[in-house]
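In full-length UniProt numbering, the protein residues as written are 1 to 103.
Single-structure report; data block below.
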């Protein structure tokens, strides 16, 4: 038996899985069992997620490079400086995300 043999939740089409998940979310809220984040909890979760992602220096460098490429395609930045300067800043920021330099 393979993982996607058409049986169970994973074998369902995406729309049906979303529908079932949505029903579960609504039921949890109606019964009072759903956790609703306070703004402080949401802020902390976002911070932790950002820290986890930023540990992948290659990923951060790629994000910076894509941002720089998008900036270049639009021309001069509204904040000043050339798009090449912004591209380099994005690459450098990604590479230095955790205090080291991969160059």
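The C-beta atom is built at its ideal place from N, Cα and C for all residues, glycine as well.
Quick caveat, the model's predicted, so the values are computed rather than measured.
Rounded straight-line distance, which links the Cα of residue j to that of residue i
i          : j          : result
residue 61 : residue 90 : 7 Å
residue 64 : residue 42 : 25 Å
residue 30 : residue 23 : 11 Å
residue 36 : residue 8  : 29 Å
residue 70 : residue 59 : 17 Å
residue 85 : residue 45 : 32 Å
residue 18 : residue 34 : 17 Å
residue 54 : residue 27 : 35 Å
Residue span of the alpha helix (DSSP H) that contains residue i, given as start and end
i          : result
residue 24 : 14-31
residue 46 : 39-54
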